DNA sequence: ACAACGGTGCGTACGATGTACACAAGGCGA
DNA sequence: TCGCCTTGTGTACATCGTACGCACCGTTGT
């Protein structure tokens, strides 16, 4: 994206500290708005998410979104500076943290919950990984909330601030990778004609011809023909999650 | 994407086994081609990657790519059925596995190498995560090669095929998440005007106003004002990696 | 040597997209 | 009630992916 027409000519000195001072959408979003409020950031995000859930991320165009809101296309631009910002809005909005069930003092329970939530959100909104990859974001309200909760859980432990962040980022890396991977796989299954909750082995089977013909992957081929059990997605996610938690706990002595 | 004009009308029965038999590009790619070969999959992938590296993924349009190859736009479509397939080509081509240095019998060394390679590839081609998210792929030649190598490393161990796959996927999840996260962060830094290898704390500083004004993230705010050390990206990646390896090894008793 | 044929590259055209810009309209403070 | 600033509208343009039909050429069968 970033197809702004003006390309910002002579190029902004990329070393200057206060250059690029464009406030993020999150700083603008809380400002009170004037008259005639038929639209709102919330309504826009909600409609966009509904559209993406129903017809995929590609279907989320400014025109279609505006139409689904009963509004002219350009009206959206009073709330969003670019489509990228719309995506930012969407990725934040799907992560509304709702109530937490984990014991806030049990850090492993809190981390587990955060990881599971991330996975579930991604599976519920399969366009999420693509949106996040297209519009790099962190420091978004809901992500910060999750961060804050994890920091709270680590509060009683004897860790430096840097260590806490390392812990959180490591866990987050796993959760992100696992969630994205799973979405990836489901999307692939769907595109190839099997339902999103089909069996991965169907995919393997349909591509086996090519796999076997080039004898380049003998071990993998053997594995496939010997027969793999159906993948237990939740179980596998939990396994990696526990492995990561164990490994981190051991490494930090907690 | 997937903007094919014909939308495939009456809808293909999504349960039928041999429906959607469109061969992947990987099955077509090895077929011998006829006359006048000014183009090739390799040349196309190479040029596309160069373009993406130089000007970002958005700059990779069929027109620009064709121009950079000194060829008409539509010529590309003799090698690629859609832009999605071009992205598939690109994501596979950046992963050319080159020589392996790890002792092929030391599974941890092999896994480490695979994870590091993944991270390095993503950092060298920051558009990769976006491309992968946009066009779900696995079963691509180079990814299968990596898989094969890991399977080989696990060969001497007393594990079932399913366990091997679990091990590999868990490790891959971490590597993927960590790499994507790092790329994400660098891209953000760049967009905000700090160089890609700038300090994350600059980003925090520039958004602190908003963070502090809403007193919603007290712990995080405290962390930031107390001062965080500059992030050691490699060290942090390695830490999570070792934690994951330890945790997995323990869990599988290997 | 030559003809024909199938694979290769080209040019044009169309619908859709993001968004710049100038204008209309509608609610709030004076 | 009047003005004014904010919100919503309409039009226009560059660019995108790609369908379609034609031109070209290397190979192969005679």
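Protein chains in written order, with my numbering: chain A, 1 to 254; chain B, 1 to 254.
Glycine included, C-beta positions come from ideal geometry on N, C-alpha and C.
Predicted model, so just to flag it, every value in this text is computed and none were measured.
Residue 55(B), buried or exposed, once every other Cβ within 10 Å from all chains shown has been counted against 16: Within the second chain, numbered from 1, the residue matching residue 55(B) stands at position 55. Classification for residue 55(B): exposed.
Neighbour list for residue 219(B) in chain A, Cβ cutoff strictly below 8 Å: As a working mapping, residue 219(B) is identified with position 219 in the second chain. Per Cβ cutoff of 8 Å: 148, 151, 152, 155.
Chain B contact for residue 79(A) (CB, 8 Å cutoff): Position 79 of the first chain, counted from the start, is the residue given in the question as residue 79(A). The beta-carbon of residue 79(A) is placed no less than 8 Å from the nearest beta-carbon of chain B.
Residue 254(A) - containing alpha helix (DSSP H), residue span: Here the question's residue 254(A) lines up with position 254 in the first chain. For residue 254(A), no alpha helix (DSSP H) segment is defined, and its DSSP state is neither H nor E.
Chain B contact for residue 1(A) (CB, 8 Å cutoff): Translated into positions along the first chain, residue 1(A) becomes position 1. Low local confidence applies: a pLDDT of 46 at residue 1(A) is under 50, so the model's placement there is unreliable, with the coordinate-based value given in what follows. It does: the Cβ of residue 1(A) has a partner Cβ on chain B nearer than 8 Å.
In chain order, each beta strand (DSSP E) run of at least 3 residues that lies wholly inside the segment 105 to 132 of chain B: Entirely contained in the segment 105 to 132 of chain B, not one beta strand (DSSP E) run reaches 3 residues.
Test item: CB-CB of residue 165(A) and residue 57(B) under 8 Å: The residue you call residue 165(A) lines up with position 165 of the first chain. The residue you call residue 57(B) lines up with position 57 of the second chain. No, the pair does not count as a contact, with Cβ atoms beyond the cut-off.
Inter-residue Cα distance where the pair is residue 11(B) and residue 109(B): Mapped onto the second chain, residue 11(B) falls at position 11. Mapped onto the second chain, residue 109(B) falls at position 109. Residue placement at residue 11(B) cannot be trusted, given a pLDDT of 36 that sits under 50; what the coordinates show is reported in the next sentence. Cα to Cα, the separation comes out at about 48 Å.
Continuous alpha helix (DSSP H) assignments of at least 4 residues falling wholly in the segment 49 to 74 of chain B: As far as the segment 49 to 74 of chain B is concerned, its whole alpha helix (DSSP H) runs of at least 4 residues are 62 to 68.
Burial state of residue 253(B) (16 or more Cβ within 10 Å): By 1-based counting over the second chain, the position of residue 253(B) is 253. Residue environment for residue 253(B): exposed (fewer than 16 other C-beta atoms within 10 angstroms of its C-beta).
Outcome for residue 105(B) when other beta-carbon atoms lying within 10 angstroms are tallied against a minimum of 16: As a first step, residue 105(B) is located in the second chain; it is residue number 105 there, counting from the start. Exposed, since its Cβ has fewer than 16 Cβ neighbours within 10 Å.
Check whether residue 129(A) and residue 178(B) have beta carbons under 8 Å apart: For the purposes of this step, residue 129(A) is identified with residue 129 of the first chain, where counting begins at 1. For the purposes of this step, residue 178(B) is identified with residue 178 of the second chain, where counting begins at 1. No, the pair does not count as a contact, with Cβ atoms beyond the cut-off.
Other residues of its chain near residue 183(A): CB distance less than 8 Å, five sequence neighbours each side excluded: What you label residue 183(A) is simply residue 183 of the first chain in a count that begins at 1. 122, 123, 126, 128, 129, listed in sequence order.
For residue 79(A) and residue 142(A), the rounded distance between their alpha carbons: Within the first chain, residue 142(A) is the residue found at index 142, counting from 1. Within the first chain, residue 79(A) is the residue found at index 79, counting from 1. Each residue's Cα considered, the two are about 19 Å apart.
Cβ-based neighbour list, residue 225(A), same chain, cut-off 7 Å, excluding 5 preceding and 5 following: Position 225 of the first chain holds residue 225(A). Same-chain partners within the cutoff: there are none.
Minimum Cβ-Cβ distance from residue 187(B) to chain A less than 8 Å: What you label residue 187(B) is simply residue 187 of the second chain in a count that begins at 1. It does: the Cβ of residue 187(B) has a partner Cβ on chain A nearer than 8 Å.
Proximity test, Cβ basis, 8 Å: residue 265(B) and chain A: Missing from the structure shown is residue 265(B); chain B here goes from 1 to 254 and no further.
Contact with chain B by residue 184(A), beta-carbon distance below 8 Å: For the purposes of this step, residue 184(A) is identified with residue 184 of the first chain, where counting begins at 1. Yes, because at least one Cβ of chain B sits closer than 8 Å to the Cβ of residue 184(A).
Proximal residues to residue 187(A) (C-beta, below 8 Å), its chain only, five neighbours per side dropped: Counting from 1 along the first chain, the entry for residue 187(A) is found at position 187. In its chain, beyond the 5 residues on either side, 126, 196 have a beta carbon closer than 8 Å to the beta carbon of residue 187(A).
Chain A contact for residue 316(B) (CB, 8 Å cutoff): For chain B, the structure presents residues 1 to 254; residue 316(B) sits outside this window and is missing.
Test: residue 90(A) CB closer than 8 Å to a CB of chain B: For this step, residue 90(A) is matched to residue 90 along the first chain. No - not a single Cβ of chain B is within 8 Å of the one on residue 90(A).
Span separating the alpha-carbon of residue 219(B) from that of residue 148(A): As a position in the second chain, residue 219(B) is number 219, starting the count at 1. As a position in the first chain, residue 148(A) is number 148, starting the count at 1. Between the alpha carbons of residue 219(B) and residue 148(A) lies a distance of about 6 Å.
Residue 228(B): contacting residues in chain A (beta-carbon distance under 8 Å): Position 228 of the second chain, counted from the start, is the residue given in the question as residue 228(B). Correct list: 161, 162, 165.
CA nearest to the CA of residue 47(A), picked from 36(A), 117(A), 192(A), 64(A): Translated into positions along the first chain, residue 47(A) becomes position 47. For residue 47(A), the closest C-alpha among the options 36(A), 117(A), 192(A), 64(A) is that of 64(A).
Whether residue 251(B) touches residue 243(A) by CB criterion (8 Å): Locating residue 251(B) in the second chain gives position 251, where the first residue counts as 1. Locating residue 243(A) in the first chain gives position 243, where the first residue counts as 1. Contact: yes.
Residue 181(A) in three-state terms, based on DSSP: Your numbering for residue 181(A) matches position 181 in the first chain. Three-state result, residue 181(A): helix.
Pick from 81(A), 245(A), 68(A), 136(A) that is closest to residue 190(B), judged by C-alpha positions: Mapped onto the second chain, residue 190(B) falls at position 190. If we check each option's Cα against that of residue 190(B), 136(A) comes out closest.
Counted within 10 angstroms of its Cβ, other Cβ atoms place residue 4(A) as buried (16 or more) or exposed: Indexing the first chain from 1 puts residue 4(A) at position 4. Its pLDDT being 49, under 50, residue 4(A) is placed unreliably by the model, and nothing is read from it.
Burial state of residue 9(B), where buried means 16 or more other Cβ atoms lie within 10 Å: Indexing the second chain from 1 puts residue 9(B) at position 9. Residue placement at residue 9(B) is poorly supported in this model, since its pLDDT is 34, which falls under 50; the coordinates still yield a value, given next. By the neighbour-count criterion, in which a residue is buried when 16 or more other Cβ atoms sit within 10 angstroms of its Cβ, residue 9(B) is exposed.
Limits of the unbroken alpha helix (DSSP H) element including residue 232(B): Position 232 of the second chain, counted from the start, is the residue given in the question as residue 232(B). Run containing residue 232(B): none; DSSP gives neither H nor E here.
Burial state of residue 74(A) (16 or more Cβ within 10 Å): Indexing the first chain from 1 puts residue 74(A) at position 74. Answer is exposed; the Cβ neighbour count stays below 16.
Near-chain B residues of the segment 94 to 119 of chain A - C-beta to any C-beta below 7 Å: Those would be none; no residue qualifies.
Contact with chain A by residue 138(B), beta-carbon distance below 8 Å: The residue you call residue 138(B) lines up with position 138 of the second chain. It does: the Cβ of residue 138(B) has a partner Cβ on chain A nearer than 8 Å.
Contact the segment 146 to 162 of chain A vs the segment 195 to 213 of chain B: 3+ CB pairs below 8 Å: Short answer: they don't touch.
Backbone secondary structure at residue 196(B) - three-state DSSP: For the purposes of this step, residue 196(B) is taken as the residue at position 196 of the second chain. Looking at residue 196(B) - three-state DSSP - the assignment turns out to be coil, as it is neither helix nor strand.
When 216(A), 215(A), 221(A), 217(A) are compared against residue 205(A), the one with the closest alpha-carbon: In the first chain, counting from the first residue as 1, residue 205(A) sits at position 205. Of 216(A), 215(A), 221(A), 217(A), the residue nearest in Cα terms is 221(A).
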